[in-house]
Amino acid sequence: MHRYKDLEIWKLSRKFCTPIYKVTQSFPESERFGLITQLRRASISVPSNIAEGSAKSSNKHFLIFLENALGSCYEIETQLLVSNDVGYLNDNDLKILSDELHKITLMIAKFMSTLR
7 MHRYKDLEIW KLSRKFCTPI YKVTQSFPES ERFGLITQLR RASISVPSNI
57 AEGSAKSSNK HFLIFLENAL GSCYEIETQL LVSNDVGYLN DNDLKILSDE
107 LHKITLMIAK FMSTLR
């Protein structure tokens, strides 16, 4: 078992939720059940999967949850790109969010390799 609150990937991914919530506040109301919900749920999924997986009794089981967290990172990346494509997200915000997300993705992948 791991103490998820001590894991830097959990701390960073939890903090990443805030800018996602803030940037989606400016999306049109028509995206309330589309990109807004998708981005918010996917961003929350990353630290949630890390936390849940940390309670598992083996690294093998923890890896499954880390893979889910990594999948959510790729989902967020896709949704950010689409948000930019349709004009809801400017290039500067896309770069900032993408850079932070890339950092989280690399950290998760590296942590997974240490658990294998």
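All residue numbers for the sequence shown refer to this note's numbering, where the first residue is 7 and numbers rise by one. Positions of the beta carbon are idealized from the N, C-alpha and C atoms, including for glycine.
Reducing DSSP to helix, strand and coil, say where His8 ends up. coil
Below 8 Å on the Cβ atoms is my contact criterion, and I expect Leu45 with Gln85 to pass it. Report the Cβ-Cβ distance as a whole number of Å. 5 Å
Do Val52 and Ser19 count as a contact pair if the criterion is CB distance below 8 Å? yes
What are the boundary residues of the alpha helix (DSSP H) that includes Asn98? 97 to 121
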